[in-house]
Structure formats: structure tokens, C-alpha cells
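Written out below as C-alpha cells is the structure these notes cover.
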Amino acid sequence: MGKGALLALILIVIVVVAGVYAYISFFQKGGAPSPTPKPTKPSKSPKPSKSPKPSKSPKPTPTSSPSPTPSPTPSPGKVSYADIFNIAGVSHYTYRIRSTAQGQTMEYTVSYSFTSSTYQGRSCWLQEIEMKMEAQGITMRYRAWLDKDTLACLKAEMSVGNGPWQSVPCSQAPTGTAGEGEGVELREVGHETVTVPAGTFSCTVYEAMVSTGKARYWVADGVPIPVKWQITSGQGTTTAELVEWG
Numbered sequence: 007m008g009k010g011a012l013l014a015l016i017l018i019v020i021v022v023v024a025g026v027y028a029y030i031s032f033f034q035k036g037g038a039p040s041p042t043p044k045p046t047k048p049s050k051s052p053k054p055s056k057s058p059k060p061s062k063s064p065k066p067t068p069t070s071s072p073s074p075t076p077s078p079t080p081s082p083g084k085v086s087y088a089d090i091f092n093i094a095g096v097s098h099y100t101y102r103i104r105s106t107a108q109g110q111t112m113e114y115t116v117s118y119s120f121t122s123s124t125y126q127g128r129s130c131w132l133q134e135i136e137m138k139m140e141a142q143g144i145t146m147r148y149r150a151w152l153d154k155d156t157l158a159c160l161k162a163e164m165s166v167g168n169g170p171w172q173s174v175p176c177s178q179a180p181t182g183t184a185g186e187g188e189g190v191e192l193r194e195v196g197h198e199t200v201t202v203p204a205g206t207f208s209c210t211v212y213e214a215m216v217s218t219g220k221a222r223y224w225v226a227d228g229v230p231i232p233v234k235w236q237i238t239s240g241q242g243t244t245t246a247e248l249v250e251w252g
């Protein structure tokens, strides 16, 4: 064998031995290497679970409101003479009056004026009255003290012509029935439009039983005293119509 061939054989043996040695060393360290694992596919992220829909709150059962107790219908307020004769709202007024009795008719005018006064310590209106019967040429004057709260007549006096003052019963003083007092109850009986010397007025009509008979009053808004009144008794009828006031 030539020298060159020998060298080549030695090199081959060295390579083979080196390879065997390397192979043995590898297995002594843990055996053959595990094959490189295939990269695992990333697992799909789990779909987030749907949040449960909040359960609907139960609708509250409406609480029934108690039915309001109906207010009782108020009975009409008591109407007094102080309501229809507003003396504080007037200083004077005049009525034209017609009286019929036993087939005879008499006409006259009655003028009233008021001032504040007292009687036996009570606060009063002093009502001064002048009655003129022109056909007879007679003038009569009266004075009446009326309680300010009730308009009840406390005292009355009369003078004929220029004669002296004399006491008379309150029922004889032509107070325009303002002096009947709180014992008389007025009741509303209707509505009427009336024409009197002072004008035409839409009125509420009241009735009452007074000392001289059955009285009827026509009361208009904005007028402090009745625009008309009428008294009917067994002796006849007296009707008064407003001429002026102020």
C-alpha cells in the first residue's frame, strides 16, 4: 500500500472513530434529541361569555291614591241687613216712595244721611231722615240710632215741621227697614233687572219677614243700599225706588 493510501485510510478511521465517539457521548448525555416539536397553534381565546342580561326589575304595583273626600257643599251664608245696607259705604241717599192702603195712594220722598255716633255706650250710626209729602205740604223729620254691627234700631225720635223732637217706637221710623236688626233672616229668591230713577240695574232679589209685613229687596253690585224695596202687609203695599246716593 502506498504511503498516500495509508494516510487516506488513517484519516477515514479518525473521522469514523470521532463520529462514533461523538455519537456515544451524545447518548450518554440523554439520548437522542427530541425532535423539534411543531409549533403549536395558539389556542383560540375563548369567546367571552355574554354578560347575563339584567333581569327586568318588576314594575312597582301602583299604589292607589285614596279618593279625596268631597268637601261638603257649604250652605249659603246668612245674609243680614248689614250686608244689603252698607251704611259705611254711603253718606246719604234718597228714595221715592209710593204707599197704597185702603184704595188710597200717597207719594213722597225720603232722604237719609248718616253720621257716626254712640247710644248708651254703644257704637251707632245716627240716621237722620227727612220725609217730604209735597202734595200735602208736610215735612216730617226722624232720627234713629242704629247699632253698627246689626243695624238694629236702638232709639227713634220724630219732629213734625219745626216742632220739638219726640220719642217714637222704632217701628214708626221710616228707616228703610234697615233698622230691623239681626233677628231677620234674608233669603235669595232670584235675579231681576229693574229700572228706577237712579238707573237700570241687574239685581239679586231677597225676601224676609219684617215687623211690618213681607219685605222684598233688589240689590245691585256696586250700590251700597238696595235700589228698590217693597213691603206688603194686610194694610197695603209700600214701594221704594232709589233716586240718588253718594
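For the sequence shown, this note's numbering gives the first residue as 7, with consecutive numbering after it.
Glycine included, each C-beta is placed from N, C-alpha and C at the ideal position.
Identity of the residues DSSP links to residue i by a beta bridge
{"i": "residue 103", "result": "114, 246"}
{"i": "residue 251", "result": "99"}
{"i": "residue 214", "result": "221"}
{"i": "residue 162", "result": "150"}
Near the ligand SAM: residue i beta-carbon under 6 Å from a heavy atom
{"i": "residue 154", "result": "No copy of the ligand SAM occurs in the structure displayed, which carries no ligand at all."}
Beta-carbon spacing of residue i, residue j below 7 Å
{"i": "residue 125", "j": "residue 84", "result": "no"}
{"i": "residue 146", "j": "residue 166", "result": "yes"}
{"i": "residue 225", "j": "residue 93", "result": "no"}
{"i": "residue 243", "j": "residue 106", "result": "yes"}
{"i": "residue 157", "j": "residue 88", "result": "yes"}
{"i": "residue 238", "j": "residue 219", "result": "yes"}
Which of helix, strand or coil DSSP assigns to residue i
{"i": "residue 94", "result": "helix"}
{"i": "residue 227", "result": "coil"}
{"i": "residue 178", "result": "helix"}
{"i": "residue 150", "result": "strand"}
{"i": "residue 74", "result": "For residue 74, the pLDDT reaches just 41, beneath the cut-off of 50, and the residue's location in the model is therefore unreliable, although a value from the coordinates is still provided. Coil."}
{"i": "residue 88", "result": "helix"}
{"i": "residue 236", "result": "strand"}
{"i": "residue 171", "result": "coil"}
{"i": "residue 201", "result": "strand"}
Cβ shell of residue i (< 8 Å), same chain only, five flanking positions each side left out
{"i": "residue 100", "result": "115, 116, 117, 118, 248, 249, 250, 251"}
{"i": "residue 111", "result": "104, 105"}
Cβ-based neighbour list, residue i, same chain, cut-off 6 Å, excluding 5 preceding and 5 following
{"i": "residue 136", "result": "117, 147"}
{"i": "residue 246", "result": "101, 103, 235"}
{"i": "residue 241", "result": "107"}
Using 8 Å as the Cβ pair cut-off and three pairs as the minimum, do the segment 194–204 and the segment 121–140 touch?
They do not touch, by the three-pair rule.
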